[in-house]
Amino acid sequence: MLFYLSYNTKKLKFCDLFSYCSTSYLFSIFFNVQSVKILTLNHLLLLINNDNFPIPESEEIKCYIHGVSPVKDVQFSGREYFNCTVKKKDGPVRAVSFSPNKHLEFTRRQKAKSLVKVSNYTKSKGKDIVFNQYTKITPIDDIDFQHSSKLLITGLANTIASLNEVAPEQLISVKAEIAEVSGVKIVNTQHQGMLKKQEVLVRDTTSPMKVVLWEDNVEQLEKNKTYILKNLK
């Protein structure tokens, strides 16, 4: 089991950026638009990167709702969103909603621990589920798999072994003892250049786990001491 404590960005091709900006500029001239909203690099990534284009889904899913986060702001855009994890029969999947008016309903379903049917949603190419204002959540009585209390999106996991139940790329926190600490290495990464990297082996009474630390997080942990490690994925 391998978890990372890091922040990754994806590379934006100059030709894509130039094409988008040129199109926006011509649009503003043709329609005599007086004010053009400038999009940040993050917003351009969302528009340009194919991994983020949603694919409409017609199939309904049955799931439990877990780990509904508070409503957050998308920086500089004025949009709001929240995250959660949906537990389907075949495993957990990350989800995001850009419709804050759905937050109360998701929170209620999480507290009720009720199995629900979800329709009118999309998926990113990364297979994350994307909810929108048209998403419908309906409680169902035909329960063919049980609710799991192990799934967390924030907060402290009960054990390292329970992390087998979390969704891919899901942020987690865990309490563990530091068993081994490697030396710090300088590595050349594809998108962020030269970075400091350190690997540590952590453990609790249920299982060991390797953790990779980057940049400011290196050389912060001491062998045989116990820590709460936050925002691992």
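According to my numbering, the stretch in the sequence shown is residues 257 to 489, in order. For every residue, glycine included, the Cβ atom is placed at its ideal position computed from N, Cα and C.
What span of residues does the alpha helix (DSSP H) with residue i cover, start to end?
| i | result |
| --- | --- |
| Leu360 | His359 to Ala368 |
May I ask which residues mark the beginning and end of the beta strand (DSSP E) holding residue i?
| i | result |
| --- | --- |
| Lys392 | Ile385 to Pro395 |
| Ser502 | Past the boundaries of the shown model lies residue 502; the chain is included only from 257 to 489, so the question cannot be answered. |
| Lys345 | Looking at the DSSP string, Lys345 is not in any beta strand (DSSP E), and its letter there is neither H nor E. |
| Asn444 | Lys441 to Thr445 |
| Ile317 | Ile317 to His322 |
| Val374 | Val372 to Lys379 |
Quick check on DSSP: helix, strand or coil for residue i?
| i | result |
| --- | --- |
| Leu485 | strand |
| Ser463 | coil |
| Ser480 | It should be noted that the sequence gives Asn, not Ser, for residue 480. Residue state, collapsed to three classes: coil. |
| Ser418 | helix |
| Asp398 | coil |
| Glu475 | coil |
| Asn306 | For Asn306, the predicted model reports a pLDDT of 43, less than 50, meaning its position is unreliable; a value from the coordinates is still stated below. The answer is helix: DSSP assigns Asn306 an H, G or I state. |
Measuring alpha carbon to alpha carbon, tell me which residue in the options is nearest residue i.
| i | options | result |
| --- | --- | --- |
| Val327 | Val352, Asp460, Lys345 and Glu471 | Val352 |
| Thr391 | Thr341, Glu361 and Met465 | Glu361 |
| Ala368 | Ser463, Ile428, Leu412 and Gly323 | Gly323 |
| Lys358 | Gly334, Leu469, Ser333 and Thr394 | Thr394 |
| Lys373 | Thr363, Val386, Lys383 and Lys344 | Lys344 |
| Leu488 | Asn480, Lys481 and Val468 | Val468 |
| Arg350 | Asn414, Arg365, Gln426 and Lys318 | Gln426 |
| Leu485 | Lys431, Ala417 and Glu475 | Lys431 |
| Gly449 | Val474, Trp470 and Arg459 | Trp470 |
| Leu477 | Ile434, Lys466, Pro464 and Met465 | Ile434 |
| Ser355 | Pro348, Ile385, Gln389 and Asp384 | Gln389 |
| Tyr483 | Gln446, Asp329 and Val458 | Val458 |
Is residue i near the ligand HEM, in the sense that its beta carbon is under 7 Å from a heavy atom of that ligand?
| i | result |
| --- | --- |
| Lys452 | By its list of ligands, the structure shown contains no ligand whatsoever, and the ligand HEM lies outside what it can speak to. |
| request: Inspect the CB distances between the segment 427-441 and the segment 393-407 and report whether three or more fall short of 8 Å. | output: Flag = no, the segment 427-441 and the segment 393-407 do not touch.
| message | With three or more C-beta pairs closer than 8 Å as the rule, is the segment 396-403 touching the segment 332-340? | response | Of all C-beta pairs linking the segment 332-340 to the segment 396-403, fewer than three are shorter than 8 Å, placing the two stretches out of contact.
| query | Between the segment 447-455 and the segment 368-383, do at least 3 Cβ pairs fall closer than 8 Å? | reply | When Cβ pairs closer than 8 Å are counted between the two stretches, the segment 447-455 is seen not to touch the segment 368-383, the count staying below three.
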